Amino acid sequence: MLPSSLPEPELYLPRSGEPSLRWGIVGPGWIAGEFAKAVRAHTAQRIVAVGSRSLDRASSFAAAHGIDYALGSIGQLVTHPEVDVVYVATPHSEHLGVGLAAIAAGKHVLIEKPITVSAAGAQALADAARAAGVLVMEAMWSRYLPQASVIRRLLDDGVLGEIRAVLADHGQALPTDPWHRLNRPELGGGALLDLGIYPMQFSSMILGAPTRVVAVGAMAETGVDAHATVALTHEGGAQSTLYTSMRARTPTTASVAGSEATLDLAGSFYSPTSFTLSGSGHFGPSLAWSDPTGLTRFDGLSWEANALARFVGEGRTESPVHTLDETVRILATIDAARAQLAA
Ligand SMILES: NC(=O)c1ccc[n+]([C@@H]2O[C@H](COP(=O)([O-])OP(=O)(O)OC[C@H]3O[C@@H](n4cnc5c(N)ncnc54)[C@H](OP(=O)(O)O)[C@@H]3O)[C@@H](O)[C@H]2O)c1
Numbered sequence: 227m228l229p230s231s232l233p234e235p236e237l238y239l240p241r242s243g244e245p246s247l248r249w250g251i252v253g254p255g256w257i258a259g260e261f262a263k264a265v266r267a268h269t270a271q272r273i274v275a276v277g278s279r280s281l282d283r284a285s286s287f288a289a290a291h292g293i294d295y296a297l298g299s300i301g302q303l304v305t306h307p308e309v310d311v312v313y314v315a316t317p318h319s320e321h322l323g324v325g326l327a328a329i330a331a332g333k334h335v336l337i338e339k340p341i342t343v344s345a346a347g348a349q350a351l352a353d354a355a356r357a358a359g360v361l362v363m364e365a366m367w368s369r370y371l372p373q374a375s376v377i378r379r380l381l382d383d384g385v386l387g388e389i390r391a392v393l394a395d396h397g398q399a400l401p402t403d404p405w406h407r408l409n410r411p412e413l414g415g416g417a418l419l420d421l422g423i424y425p426m427q428f429s430s431m432i433l434g435a436p437t438r439v440v441a442v443g444a445m446a447e448t449g450v451d452a453h454a455t456v457a458l459t460h461e462g463g464a465q466s467t468l469y470t471s472m473r474a475r476t477p478t479t480a481s482v483a484g485s486e487a488t489l490d491l492a493g494s495f496y497s498p499t500s501f502t503l504s505g506s507g508h509f510g511p512s513l514a515w516s517d518p519t520g521l522t523r524f525d526g527l528s529w530e531a532n533a534l535a536r537f538v539g540e541g542r543t544e545s546p547v548h549t550l551d552e553t554v555r556i557l558a559t560i561d562a563a564r565a566q567l568a569a
């Protein structure tokens, strides 16, 4: 039986008691620009500094986004006395070093996905954050979107029954230039770490860690994974079938099949989207949900910034909806899949 209506989303609304933190950005590239726009438009957070390997690049980013301090080294940014939180938006390979430096300077840290390139690195960040008593969180923005809270509530209420399967994909036609960060092994390139982490984290949110990982796929000429299908078996026999590619755009949808109901998220499932909850019978009734907030696409990055500020205000040192232990486990699954592809 479907419920008569769907739960209201729990929103990380700005100006709802959270502190207005002073943020510093490391890595003024593409996503940093989207993040800065979203934070400025949809939060009460203040981006006060930006750090780059080049003072010129920091200065032009600062000018474009109305940021006070442009700093020509990452070290200056992470130790800046007027910065409370460091947002790390460098290539994956740099996340660990920058994250550890920011933690050592006593800053809270929001690190772009993947938090780093291996479970061991993620564990090192978690250990350092716990020892320092600061909040460290992977910028897995999907977890803080309005739809995520509704889905968690449906799962907690048992509306889907016993979960049998998760299906999810994330493929994009990304640059084939061998110098692009995604094609370079030394920068943590490859589809699984950059795009595959979205289906992986979705599966983890629904079914937890797998008991078995089987990956097939193909490598790019530069030695990174170009596309992969990953089958996960979970306790009790539930299956996740996940696909990722950096050579072709795929539907970017996600589904959760339960004994009582099925949830279908429209593409792009990892960004603000809509979903349908259908009963288990053919052609039965269904309920439709769409994001009521009006925030679309990369506006959605603002939710994770509001969430981090709320968590800091609550005295938390990790995200309650994406714990550091879970972050490490997801990287361990990706480690296993990448090792099978490389073998
Ligand atoms: N949440 C999302 O939707 C989303 C979307 C895209 C990307 N991301 C994540 O964000 C991170 C950055 O991705 P991006 O696409 O924004 O990359 P990008 O455009 O290449 O920007 C990365 C920036 O990092 C700096 N950097 C520091 N060390 C570097 C190094 N060794 N090599 C190259 N650049 C270095 C560079 O700035 P300077 O040279 O000025 O220092 C560069 O502009 C990745 O981890 C990615 O997974 C998240």
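Counting in my numbering, the sequence shown runs from 227 upward without gaps. The beta carbon of each residue, even a glycine, is placed where N, CA and C say it ideally should be. Given the structure is predicted, the values throughout are model-derived calculations rather than measurements.
**OP:** Could you tell me whether the region 273-288 touches the region 546-564, where touching means 3 or more Cβ pairs closer than 8 Å?
**Re:** no
Original post:
Just curious, the alpha helix (DSSP H) that residue 373 is in, first and last residue?
Top reply: 372-382
**OP:** Please go through the same chain and pick out, in chain order, the residues whose beta-carbon is closer than 8 Å to the beta-carbon of residue 477, but skip the five residues on each side of it.
**Re:** 395 and 493
**OP:** Flag residue 285 as yes when its Cβ comes closer than 8 Å to any non-hydrogen atom of ligand 1, and as no otherwise.
**Re:** no
**OP:** Assuming residue 512 contacts residue 499 (C-beta within less than 8 Å), just tell me the rounded distance between them.
**Re:** Rounded, the Cβ-Cβ distance is 16 Å, inconsistent with contact.
**OP:** Report yes if the C-beta of residue 560 is less than 8 Å from at least one heavy atom of ligand 1; otherwise report no.
**Re:** no
Original post:
Comparing the CB of residue 258 with every heavy atom of ligand 1, is any distance shorter than 8 Å?
Top reply: yes
Subject >> Helix, strand or coil at residue 335 [DSSP, three-state] >> reply: strand
Subject >> DSSP state of residue 453 mapped onto helix, strand, coil >> reply: strand
Subject >> Nearest residue (CA-CA) to residue 449, options 529, 411 and 443 >> reply: 411
Original post:
residue 396 bridges to which residues according to DSSP?
Top reply: 470
Original post:
If we call anything under 9 Å between Cβ atoms a contact, is residue 483 one with residue 378?
Top reply: no
**OP:** May I ask you to report which of helix, strand or coil DSSP gives residue 309?
**Re:** coil
Original post:
Looking at residue 413 and residue 454, is the spacing between their C-beta atoms short of 9 Å?
Top reply: no
Original post:
Between residue 554 and residue 280, what straight-line distance do the alpha-carbon atoms span, to the nearest angstrom?
Top reply: 32 Å
Subject >> Euclidean distance between Cα positions of residue 567 and residue 407 >> reply: 19 Å
Original post:
Skipping 5 residues on each side, what residues in its chain have a beta carbon closer than 8 Å to that of residue 302?
Top reply: 277
Original post:
If you compare alpha carbons, which of 286, 558, 548 and 256 is closest to residue 375?
Top reply: 548
Subject >> Cα-Cα separation between residue 249 and residue 310, rounded to whole angstroms >> reply: 6 Å
Subject >> Beta-carbon gap between residue 227 and residue 486 smaller than 9 Å >> reply: yes
**OP:** Would you tell me roughly how many angstroms separate the C-alpha atoms of residue 307 and residue 344, rounded to the nearest one?
**Re:** 31 Å
**OP:** Could you say which of 287, 241, 231 and 267 lies nearest to residue 255 if we only look at CA atoms?
**Re:** 287
Original post:
Can residue 456 and residue 431 be called in contact, C-beta distance under 9 Å?
Top reply: no
Original post:
residue 243 and residue 536: beta carbons closer than 9 Å?
Top reply: yes
**OP:** Could you check if residue 495 is buried or exposed, using at least 16 other CB atoms within 10 Å of its CB as the buried criterion?
**Re:** buried
Original post:
If you check the beta carbons only, do residue 467 and residue 237 fall under 9 Å apart?
Top reply: no
**OP:** Measure the Cβ-Cβ separation of residue 452 and residue 473 and say whether it is below 9 Å.
**Re:** yes
**OP:** For residue 252, write down the residues that DSSP places opposite it in a beta bridge.
**Re:** 277 and 314
**OP:** Give me whichever residues DSSP pairs with residue 501 in a beta bridge.
**Re:** 491 and 515
**OP:** Let me know the secondary structure DSSP gives residue 324 once reduced to three states.
**Re:** helix
Original post:
Alpha carbon to alpha carbon, what distance is there between residue 305 and residue 380?
Top reply: 42 Å
Original post:
Are the beta-carbon atoms of residue 324 and residue 300 separated by less than 9 Å?
Top reply: yes
Original post:
What's the gap between the Cα of residue 258 and the Cα of residue 393?
Top reply: 30 Å
Subject >> beta strand (DSSP E) segment containing residue 438, residue limits >> reply: 438-445
Original post:
How big is the Cα-Cα spacing for residue 401 and residue 315?
Top reply: 19 Å
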